[in-house]
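Notes follow the structure.
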Amino acid sequence: MTLSQAILNGERLALARLLTQVENDTPQGRAALIELFPHTGKAHLVGVTGSPGAGKSSLVNQLALQYRKSQEKRVAIIAVDPSSPFTGGAVLGDRVRMRDLFGDPNIFIRSMASRGSLGGLAQTTANLVQVFDAAGFDVVIVETVGAGQSEVDIVRLAHTTVVVEAPGLGDDIQALKAGIMEIADVLVVNKADRPGVENTEKALKSMLELSRPTTKRTLKHHGTEMTVFAPQEKAEDGVWTPPIQRTIAFDGTGVPELLEAIERHADYLRQSGGWQRRERARLDVELQTLIRAELLTRFREALSAQAYEKALEDVVERKMSPWQAAQTLLKEGAR
Amino acid sequence: MTDKKIRVLVAKPGLDGHDRGAKVIARALRDAGMEVIYTGLRQTPEMIAEAALQEDVDVVGLSVLSGAHMALAPRIVELLRANGQADVKIFLGGIIPDEDWARLKEIGVSGVYGPGANTEDIIRDIKAAVAG
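Chains as they are written, first to last, in this note's numbering: chain V, 1 to 335; chain D, 1001 to 1132.
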């Protein structure tokens, strides 16, 4: 029996071993992905991202418990942590917060090192998701590296992106900046028992209103009352406004409501055609990434190491600009 | 691709709450280029075996300071075997009396280390065990 057949039969050790093959991008892993691909496309992919220390892992722990309790769904978790840029090693510590999930055969947790990738995920995270999807997990939760501002790869992978914030991590200017706040389908203010939770929530709300004004508002401006209509008021039913949910991951407060919000988003995507659009966009990115990687490999194989070293030397000595060197090498590699 | 990363589960079974040793080892293995899955305190043998399976690790590193190693280590060996992971190498660190070392090696523990053990030696032994 091949690994992929064993996985379709639900064998956990086979699944764990295949995940390693896929993560390492081995020929065996690639072959299995080809066999498994027709079985994918069923799982709801939920991304969880946010600043380090916002409580992502604890929240994922609670979410998985809630999925099991209220819906009996099979849940896979991929938890990504950073690799050291110097040694390539990593300490993957997300399991520490997920010990409540032990003993349930319908939950499978896999830790993953980012291995030099910068977007908050590892290069092969999308492939691991495919394996879990084919293995019949109803929900795949992907927890990103503790993300700052531009680690937004998750939005291209997940159907529903949950952005986790916590009081005291940044002011309202942080919420204004481009990047991570824009990608949220659901916003969470975790650690809601801490002081400052109102301010954090208010900052998120005003950010949302700036980007997606959907309601009529009455403002007092120098003593005069003004009524402001949002531009998209007519197109109401086509627009998703990210809900803001308060949670306390430590004891699970707000988690049932968070799960409902995630499910509502999935329903919205299915009804609005957004599900297919996101699937298409995701596969588009995946295809382009593969082509880019394959082209690079072929180019490297076609080119001698000496030619590359020489070009690099020329650039270092300022005889050529990097752009010129790239052009020269590409011409050489194409021959 | 680069050569295969060594994946190590570092776990702290039993009831003592001293995890400094485990953290020092986790850090040293990270600096040696390994991927360390750190699971934290008070893990049961069953939890350790399940994590080792899900993570498909090459090595399980245990830190035991409570004196319960002769109960915990054999149970973990047994569970790993039952799960089909007999090939996973087990390393044990902590306060382990000399007379227990031979018995631990007999049941399949690849390396035993006491206080003051050199992390360089541990890294070398792990690399050799995984390659061998």
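All residues carry an ideal CB built from backbone N, CA and C; glycine is no exception.
* Asked: Since leucine 128 of chain V is in the alpha helix (DSSP H), which residue starts that stretch and which ends it?
  -> 125-134
* To do: Compare the C-alpha of alanine 266 of chain V against each of V/Gln130, V/Gly47, V/Ala305 and name the closest.
  => V/Gly47
* Asked: Taking C-alpha atoms, which residue in V/Glu294, V/Ile291, V/Ala135, V/Glu209 lies nearest to leucine 36 of chain V?
  -> If you compare the alpha carbons of V/Glu294, V/Ile291, V/Ala135, V/Glu209 with that of leucine 36 of chain V, the shortest gap goes to V/Ala135.
* Cβ of isoleucine 1037 of chain D within 8 Å of Cβ of arginine 95 of chain V? -> yes
* Using a C-beta cutoff of 8 Å, does leucine 3 of chain V count as contacting chain D? -> no
* **Under 7 Å (Cβ pairs) to chain D, residues found in the region 16-49 of chain V** => Ala16, Arg17, Leu19, Thr20, Asn24, Asp25
* To do: Check whether the Cβ atoms of isoleucine 141 of chain V and valine 189 of chain V sit closer than 8 Å, and answer yes or no.
  => no
* Terminal residues of the alpha helix (DSSP H) in which threonine 1119 of chain D lies -> Counted as a single uninterrupted DSSP element, the alpha helix (DSSP H) harbouring threonine 1119 of chain D occupies residues 1119-1131.
* Cβ of leucine 204 of chain V within 8 Å of any chain D Cβ -> Chain D contact via Cβ: absent.
* Asked: Could you give the uninterrupted runs of the alpha helix (DSSP H) lying entirely in the region 1003-1036 of chain D, keeping only those of 4 residues or more?
  -> Restricted to the region 1003-1036 of chain D, the alpha helix (DSSP H) segments that are unbroken, complete and at least 4 residues in length are 1020-1031, listed in chain order.
* To do: Pick helix, strand or coil for lysine 1089 of chain D, following the three-state DSSP scheme.
  => Reduced to three states, the DSSP call for lysine 1089 of chain D is strand.
* To do: Give the interface partners of phenylalanine 299 of chain V over in chain D, defined as CB-CB distance under 9 Å, in chain order.
  => Per Cβ cutoff of 9 Å: no residues; phenylalanine 299 of chain V is ~16 Å from chain D at best.
* **Exposure of alanine 86 of chain V, with buried meaning 16 or more beta-carbon neighbours within 10 Å** => Contrary to the premise, residue 86 of chain V reads as phenylalanine rather than alanine in this sequence. Flag for phenylalanine 86 of chain V reads exposed.
* To do: Taking arginine 12 of chain V as the query, report the chain D residues whose CB atoms sit under 7 Å from its CB, ordered along the chain.
  => Leu1053
* Within-8 Å CB hit, arginine 68 of chain V to chain D -> no
* Asked: Is isoleucine 109 of chain V close to chain D, meaning its C-beta is less than 8 Å from at least one C-beta of that chain?
  -> yes
* To do: Verify the CB distance criterion: does glycine 989 of chain D have a CB-CB separation below 8 Å to chain V?
  => Outside the shown range of chain D, which is 1001 to 1132, sits residue 989 of chain D, and nothing can be said about it.
* Measure the CB-CB distance between aspartate 185 of chain V and threonine 160 of chain V and report whether it falls below 8 Å. => yes
* To do: Please decide whether histidine 1018 of chain D counts as near chain V, where near means a Cβ-Cβ distance under 8 Å.
  => no
* Assign lysine 234 of chain V to one of two classes, buried (16 or more other C-beta atoms within 10 Å of its C-beta) or exposed (fewer than that). => Residue confidence for lysine 234 of chain V is low, a pLDDT of 38 falling below 50, so the modelled location carries little weight; the figure read from the coordinates is stated next. With fewer than 16 other Cβ atoms within 10 Å, it is exposed.
* alanine 31 of chain V by DSSP, collapsed to three states: which one? -> helix
* To do: Would you identify the three-state DSSP class for glutamine 232 of chain V, choosing helix, strand or coil?
  => No answer about glutamine 232 of chain V holds up, because its pLDDT of 45 lies below 50 and its placement is not dependable.
* Asked: Terminal residues of the continuous beta strand (DSSP E) containing threonine 1044 of chain D?
  -> If you look at threonine 1044 of chain D, you'll find it isn't in any beta strand (DSSP E); DSSP assigns it neither H nor E.
* Asked: Which parts of the region 54-127 of chain V are runs of the alpha helix (DSSP H), unbroken and 4 residues or longer, counting only runs that do not cross its ends?
  -> Here the runs fully enclosed are 56-71.
* To do: Apply the 10 Å Cβ neighbour rule to alanine 192 of chain V and answer buried if 16 or more other Cβ atoms are within range, or exposed otherwise.
  => buried
* Asked: On the premise that threonine 40 of chain V lies in contact with glutamine 130 of chain V, defined as a C-beta separation below 8 Å, what is that separation, rounded to the nearest angstrom?
  -> 5 Å
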